[in-house]
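Quick note: the sequence shown uses numbering that gives the first Met the number 0, first residue 0, plus one each step. Every residue gets a Cβ at the ideal spot worked out from N, C-alpha and C, and that includes glycine. Computed from a prediction, not measured in an experiment: that's the story for all the values here. One structure below.
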Amino acid sequence: METRIVFHIDFDYFYAQCEETRSPQLKSKPVCVCVFSDRGGDSGAIATANYTARKYGVKSGIPISFAKKRLEERKDAVFLPVDFEFYSEVSEKAMEIMKENADIFEYVGRDEAYLDVTERVEGNFEKANHLAQQIKNAIRDKLKLSCSIGISPNKLISKIASDFQKPDGLTTVSQERVEEFLEPLKIRTIPGIGKKTEKKFLEMNLETIQDLKKIDIFTLNKEFGRKTGAYIYNAVRGKDDEPVKEREASIQYSKITTLKKDSKDYQFLFENMMELCTEVHDVVKKNNRMFKSVGIHFVQSDLSNKSKSKMLRNPTTSIEELQKTAEFLLKEAMENQKMTIRRLGVKVSELSDIEGQRDITSYF
Ligand code: DGT
Ligand code: CA
Ligand code: CA
C-alpha cells in the first residue's frame with residue numbers, strides 16, 4: 000500500500016469544555032461534569048473534568064463524592080449534570096468542519112474522528128501539518144474549542160499521537176519517525192491494551208513498547224490467541240492497515256415495518272417486534288456500537304403516531320436487553336390501545352463506541 004496520511008482528532012476534556020464555551024466564567028475554575036445516579040444526593044460518577052480539576056486527581060469514572068473530597072480546598076469548584084443534547088449539538092458542528100477537510104471521514108464518537116487526507120496533501124507531511132493547524136484554528140474560531148491532533152501513516156499511530164501532547168496538541172509522526180516515537184512509550188498507550196494486559200506484561204518485566212518487541216509472535220499467540228497476538232505484534236512495530244472508513248455520526252438506528260394487516264393483537268405485534276429487534280441489533284453489531292436507550296413506535300390506522308422509549312441503566316450491546324425492553328414498552332403501550340396499528344418500529348439511541356472502552360482481551 001502507498002503511504003497514507005491519517006489524522007486522529009480528539010477534543011480536549013470534551014463535555015467540560017462544552018460547558019466552558021457556554022459559560023466562559025467557568026474557565027478559571029475546576030469543572031466536573033457528573034452523571035448523577037437516580038439514588039439522589041452525590042451518588043453517581045464523573046464523566047469528565049477540565050484540566051484544572053484533573054490537577055487534584057479528578058478523572059472520568061470516579062465517584063462524585065471522591066471528586067468533591069479531592070477538590071475540598073477549591074471552594075470555586077463546579078459540579079454540573081451532563082447535558083448530552085448540548086454536547087451532541089457542539090459535536091455536530093465540529094464534525095462538519097472536519098468533514099470539509101477530509102478525503103475520507105470516519106466518525107468514531109462524539110469527540111473524535113479519523114480523517115484520511117492523503118490526496119489533498121499529496122502525501123506530504125509538511126502540508127498535512129499545515130492542514131491540521133488550519134483545522135484547529137477553524138474549530139477554535141467558530142466553536143471556541145481546543146482539540147488534539149495526531150498525524151501519521153495509519154490510524155493506530157495517529158490515535159496514540161493525538162494523546163501525546165494533550166491538551167491542544169499537534170503531533171506528527173512521519174514514516175521515518177515511527178520507531179523512535181513508539182519505542183519509549185508505555186505498553187498501555189497501545190489502544191486496546193488495558194489494565195489487565197498491562198499487568199500481565201509488567202509481571203514479565205516488560206514496560207515499554209521497545210521491551211515488548213522482544214516477545215516473538217508465537218509467545219503472543221499462545222498468551223492471547225491468534226487475533227490479539229497478531230494485533231499486539233504489529234502494533235508495537237507501528238503496523239496497521241485498517242483503512243479509514245467513511246462513517247457519519249448516527250444518532251440512532253431504527254427499523255420500521257408495515258404490518259401484514261392492521262392489528263392490535265398483542266401476540267402478533269410482539270412477534271413482529273422481536274423480528275425488528277433482531278434487525279436493529281444487526282446494525283448495532285455491524286457498527287460496533289452500544290446503546291443506552293430503546294424506543295418503540297406505532298403508526299396507527301388513521302396514520303397518527305405513538306411512541307415510547309426507555310433509558311437503560313448502562314450502555315449495552317445485548318439483544319436480550321433490547322428485546323426485553325421493547326417487550327416492556329409494547330405491553331405498556333398496549334394497555335389502553337384503542338386503534339389498530341398499521342406500522343411498527345424499534346429504535347436504539349444514545350449510542351457509544353465499543354472500541355477503546357474495554358480491554359482488548361475481552362472483546363477479541
Ligand atoms: P481528554 O480527551 O483526555 O482531554 O478528555 P475527554 O474528557 O475528552 O476524554 P475522552 O476523550 O476519553 O472522552 C470523551 C468524553 O466521553 C468525555 O468528555 C466524557 C465521556 N466519558 C469519558 N469517560 C467516561 C466515563 O468513564 N464515564 C462517562 N459517563 N463518560 C465518560
Ligand atoms: Ca477527548
Ligand atoms: Ca475521545
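Per DSSP, what are the beta-bridge partners of residue i in this structure?
i	result
R341	Answer is none; R341 lacks a bridge partner.
L169	I148
I8	A112 and I148
T47	V32
V347	Y252 and V293
R288	D352
P62	A44
Can the beta-carbon of residue i be found closer than 8 Å to that of residue j?
i	j	result
N128	L114	no
D41	S64	yes
C33	F85	no
M338	D301	yes
A137	I96	yes
K135	L184	no
S147	K165	yes
F290	T256	no
Tell me whether residue i is buried or exposed, calling it buried when 16 or more other Cβ atoms sit within 10 Å of its Cβ.
i	result
N49	buried
I250	exposed
S361	Annotation note: pLDDT 47 at S361 (below 50); position unreliable, no value reported.
G39	exposed
T277	exposed
V347	buried
G56	exposed
F6	buried
G370	Residue 370 cannot be examined here, being either before or after the span of the chain that is shown, 0 to 363.
For ligand 2, is there a heavy atom less than 7 Å away from the beta-carbon of residue i?
i	result
F13	yes
F6	no
F83	no
So does residue i have its beta carbon nearer than 7 Å to some heavy atom of ligand 3?
i	result
D210	no
D37	no
Should residue i be counted as a contact of ligand 1 given a C-beta to heavy atom distance under 7 Å?
i	result
D110	yes
K165	yes
T315	no
(request) Scan the stretch 182-268 and note each continuous alpha helix (DSSP H) run of 4 residues or more that stays entirely inside, going in chain order. (result) 194-202, 208-211, 216-223 and 225-235
(message) For a minimum of 3 consecutive residues, which ranges assigned as the beta strand (DSSP E) are wholly contained in the stretch 78-125?
(response) 103-108 and 111-115
(request) Quick one: which unbroken beta strand (DSSP E) runs of 3-plus residues sit fully inside the stretch 290-332? Chain order, please. (result) 304-315
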